[in-house]
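J.: I have a structure here, written as structure tokens, and I will follow up with some questions on it.
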Amino acid sequence: MKSKVFSGEQSLKKLAEIQGTKACIVSDQMMEKLGYLGQVVDLLQSGGISTSVYTGVKPDPDVSIVAEALQVYWESGADVLLALGGGSVIDTAKGVLYFARQYAQEKDAPFVNPSFVAIPSTSGTGSEVTDFSVITADGDKIVIVDNFIAPDLAILDSTLTKQLPNKVVVDTGMDVLTHALEAYVSTKATDFTDALAEKAVQLVFAHLETLYHDPADAEARDRVQNASCMAGMAFTNAGLGIIHSMSHAFGGTFHIAHGRVNSLLLEAVMEYNANLGGKAIDRVCERYARLASLLHLPARTAREGTVSLIQAIGKLKRSIGIENGIRELGVNQDAFDEALSRMVRTAMVDRCTPTNPRQPTAEELEQIYRKSF
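Per the working numbering, the sequence shown starts with residue 742, numbered consecutively.
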């Protein structure tokens, strides 16, 4: 794994030890409003590093936002690129790094490879340790996968997540769970990714509901943030699956929080992966049953363990206020039907689909979308 990780409250102070002369900070207005951006600037300057700042990142960043941030980066002459914020901010900074190198290669121009630091303000994407970036272009979510864009340093300071709204806690927490579950049954899963995914699942089940009801709980904040990073490590090595493929397509169309969409697709995709409606797929059921056992759920057989895990996920979702279906998010039936074919086509060719444990047909993806609606 490329990224070095510092974690724990007050780990932000590690910034004072970073080597460099100029830093370009990619962030958003919320980080500025909450005062975290100012803290980061002060810490960098105390270490002799000057700063340039871009705070124009919006949720689901598109190529125009990446282009604006890229311009600030170029003009800064930075040898440190720092992302401060949630997944959208870190994805934008990754886009800056990716396209800066691509432009230099195309123009045969010199390129200074900056130190890349990621400081997440949410506990969900795991983007601080992954080589994935999701950027919107012409209404479609484009997935960039390149080890070059994985951050060199990730700083996990849970004090930055203290003021997250409950909705964001839920969305990002369920994203963590989805990352871990998909990495665990991926066709590229290994002993190493399994260990990370298993621990992430256990931490989410142990602490997400607590964090939802008591955002001030410091231990729950730390543990969910650690789970996010572990799940990120797992999926950046093992890959993901069709929950993410379908969520990318849906989110690019209806602009609903990624983690929320994941959570509404989760059970239907797990049932599909295990083929619970027909001849169960042994490998997948055995994997889900292993997780059920770790969570002390009934798992005398692989099928029972799979069903227990799916039911436990449903119970967790209800305890943290997640809707019963996509319809409850306010998505119009006619608009959904009109977009369905396009979403299915997009999901079929998504970068996450090949590592799903069961390869879907377009008709099967359509059935899952409709079941989740």
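Backbone N, C-alpha and C fix where the C-beta goes; we use that ideal spot for every residue, glycine too.
Source: prediction; values computed, not measured.
Grab the span of the beta strand (DSSP E) containing D881 for me, first residue to last.
T.: Its beta strand (DSSP E) spans residues 881 to 886.
J.: Classify Q966 as buried or exposed, calling it buried when 16 or more other Cβ atoms lie within 10 Å of its own Cβ.
T.: Result: buried.
J.: What number of angstroms, rounded off, separates the C-alpha of G1000 from the C-alpha of S748?
T.: Roughly 23 Å between the two C-alpha positions.
J.: Mind reading off the beta-carbon distance from H820 to K743? Whole number of angstroms is fine, and I expect it under 8 Å.
T.: Checking the sequence shown, residue 820 turns out to be Asp, not His. D820 to K743, Cβ: 18 Å. No contact.
J.: Identify every residue that forms a DSSP beta bridge with K763.
T.: Bridge partners of K763: S791.
J.: Where do the ends of the alpha helix (DSSP H) carrying F1114 lie?
T.: Careful: F1114 lies outside any alpha helix (DSSP H) and carries neither H nor E.
J.: Identify, in the order they occur along the chain, each residue of the same chain with its Cβ nearer than 6 Å to the Cβ of M987, setting aside the five sequence neighbours on each side.
T.: So the qualifying residues of the chain are L1006, A1088.
J.: What does DSSP give as the partner residue(s) for G826 in the beta ladder?
T.: Answer is P861.
J.: Have a look at I885, T928, V1048, V945 and flag the residue whose alpha-carbon is nearest the alpha-carbon of D912.
T.: Looking at the Cα atoms, V945 is the closest of the given residues.
J.: Just the C-alpha distance for P800 and R1041, rounded to the nearest angstrom, thanks.
T.: Distance between the alpha carbons of P800 and R1041 is about 43 Å.
J.: Roughly how many whole angstroms lie between the Cα atoms of L901 and L1036?
T.: Going by the C-alpha atoms only, they are around 29 Å apart.
J.: Looking at the structure shown, is F747 part of a helix, part of a strand, or coil, going by DSSP?
T.: The answer is strand: DSSP assigns F747 an E or B state.
J.: If you check the beta carbons only, do T1030 and A1043 fall under 7 Å apart?
T.: Before going further, note that residue 1030 is Ala rather than Thr in the sequence given. Yes, these two residues count as a Cβ contact at 7 Å.
J.: Identify the continuous alpha helix (DSSP H) that holds A975 and give its terminal residues.
T.: 959 to 979 is the extent of the alpha helix (DSSP H) around A975.
J.: Report the residue from V1072, E809, L1050 whose alpha carbon sits nearest the alpha carbon of L1017.
T.: It is L1050.
J.: Give me the Cβ distance between A1080 and T977, rounded to the nearest whole Å; I'm assuming they're in contact under 8 Å.
T.: The pair is not a contact, with the Cβ atoms about 29 Å apart (cut-off 8 Å).
J.: Could you say which of A810, Y839, I883, S787 lies nearest to G992 if we only look at CA atoms?
T.: Comparing Cα positions, the closest option is I883.
J.: Excluding five sequence neighbours on each side, which residues of the same chain lie with their C-beta closer than 7 Å to the C-beta of D958?
T.: Excluding residues within five positions, the ones whose Cβ falls inside 7 Å are T951, L952.
J.: On the premise that P892 lies in contact with A941, defined as a C-beta separation below 8 Å, what is that separation, rounded to the nearest angstrom?
T.: Actually they are not in contact, since the Cβ atoms of A941 and P892 sit about 19 Å apart, beyond 8 Å.
J.: Is F852 helix, strand or coil when you go by DSSP?
T.: Coil at F852, not helix or strand.
J.: By a C-beta neighbour count over all protein chains shown, 10 Å radius and 16 as the cutoff for buried, is S1060 buried or exposed?
T.: With fewer than 16 Cβ atoms within 10 Å of its Cβ, S1060 is classed as exposed.
J.: Could you give the first and the last residue of the continuous alpha helix (DSSP H) run that contains V909?
T.: That run of the alpha helix (DSSP H) goes 907 to 926.
J.: Just curious, the beta strand (DSSP E) that F1077 is in, first and last residue?
T.: Element bounds for F1077: not the beta strand (DSSP E) but the alpha helix (DSSP H), 1074 to 1089.
J.: Provide the residue span of the beta strand (DSSP E) that contains V875, from first to last.
T.: Residues 873 to 878.
J.: Pull the bridge partners of V821 from the DSSP assignment, please.
T.: Its beta-bridge partners are A764, S856.
J.: Would L937 and M915 qualify as a contact pair, given that the criterion is a beta-carbon distance under 7 Å?
T.: Not closer than 7 Å, so no.
J.: Taking the DSSP output, what are the residues bridged to L1142?
T.: Here the chain comprises residues numbered 742 to 1114, so residue 1142 is not present and cannot be evaluated.
J.: Return the Cβ separation of S768 and L778 in integer angstroms, given the expectation that the two are a contact with Cβ distance under 8 Å.
T.: Going by Cβ atoms, the distance from S768 to L778 rounds to 5 Å, so yes, they are a contact pair.
J.: Taking DSSP as the reference, what is the three-state secondary structure of D803?
T.: Reduced to three states, the DSSP call for D803 is strand.
J.: Hey, G828 and S874: beta-carbon distance below 7 Å or not?
T.: Contact: no.
J.: Considering only the alpha carbon of each residue, which of I766, L785, T919 lies closest to S793?
T.: Comparing Cα-Cα distances from S793 to each of I766, L785, T919, the minimum goes to I766.
J.: Hey, could you find the ends of the alpha helix (DSSP H) T1102 is sitting in?
T.: Looking at the DSSP string, T1102 is not in any alpha helix (DSSP H), and its letter there is neither H nor E.
J.: Between which two residues does the alpha helix (DSSP H) containing N1003 stretch?
T.: That run of the alpha helix (DSSP H) goes 999 to 1015.
J.: Within the continuous alpha helix (DSSP H) that includes R1044, where are the two ends?
T.: Element bounds for R1044: 1043 to 1060.
J.: Classify R962: buried if its beta carbon has 16 or more other beta carbons within 10 angstroms, exposed otherwise.
T.: Buried, since its Cβ has 16 or more Cβ neighbours within 10 Å.
J.: Can you give me the C-alpha to C-alpha distance between D947 and A757, rounded to a whole angstrom?
T.: It should be pointed out that residue 947 corresponds to Ala in this sequence rather than to Asp. Cα-Cα distance, rounded: 34 Å.
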